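These notes are about the structure you will find just below.
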Amino acid sequence: MTSEQAWTKPRSFWLATGALALCLLTAPATTQASERANGVTLDPPTGWSRSQEGQNVVYRKDACSLSVLAPRALGDERPVPFFQQTWSSVKGPLRILKEQPPAQLRTGDGSVGRIATAVVDSGADERVVAVFMASDATTAHFIVFTGEAPNCEAHLATAEQSMRSVSLNGRGSAPKAM
């Protein structure tokens, strides 16, 4: 056996071992386990508990909740007015302390959803509220984030990340154009 042959085998072994170690070390940090919840696939917030509450799938952390609501039929409505109507009903008569008006949010499957957020005075406390909707031609899928403002504003970015991960048809396939 030549010295080059002696080095070739260990070198390839170490390269393969190093590649495997790199995959094992980086996989948990870069891969989020997706879940199906009420007709959508999403990456739930890491470390939040999951429960079924009536027809809703709810993720909780501290005093905050991220609720994936049961799908709603659009009927004759178009998605943007339907979202606006829903957002207006969520805010209702509450006093708005600060608001991010409805805007587009590109989702995990390449489609475009809508999101709006606000901090409101509920009369009992200040609450952060975010409403997200993704839809196809017939069905609207809503995700609502809420909780006491002092505790939950810090979790809003995490909730929005889960909303951004939404896919209606599984990973990597956009719904048909409306």
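As numbered in mature numbering (1 follows the signal peptide of the UniProt record, and there is no 0), residues -33 to -1, 1 to 145 make up the sequence shown, in order.
C-beta: ideal position from N, C-alpha, C; glycine also.
This structure is a prediction, so every number in the text was calculated from the model and none was measured.
Reducing DSSP to helix, strand and coil, say where residue i ends up.
i	result
residue 20	strand
residue 117	helix
residue 87	strand
residue 149	No answer is possible for residue 149: it lies beyond the span of the chain, which begins at -33 and ends at 145.
residue 34	strand
residue 102	strand
residue 44	coil
Based on the DSSP secondary-structure assignment, which residues constitute the bridge partners of residue i?
i	result
residue 122	DSSP lists no partner for residue 122.
residue 8	3, 134
residue 51	Its beta-bridge partners do not exist; DSSP assigns none.
residue 71	81
Would you call residue i buried or exposed, if buried means 16 or more other Cβ atoms sit within 10 Å of its Cβ?
i	result
residue 80	buried
residue 11	buried
residue 75	buried
residue 110	buried
residue 135	buried
residue 18	exposed
residue 125	buried
Report yes if the CB atom of residue i is closer than 8 Å to the CB atom of residue j, and no otherwise.
i	j	result
residue 42	residue 108	no
residue 23	residue 36	yes
residue 106	residue 39	yes
residue 53	residue 130	no
residue 94	residue 115	yes
residue 91	residue 65	no
residue 98	residue 83	yes
residue 62	residue 29	no
Taking just the CA atoms, how far does residue j sit from residue i?
i	j	result
residue 34	residue 104	22 Å
residue 96	residue 70	15 Å
residue 73	residue 102	12 Å
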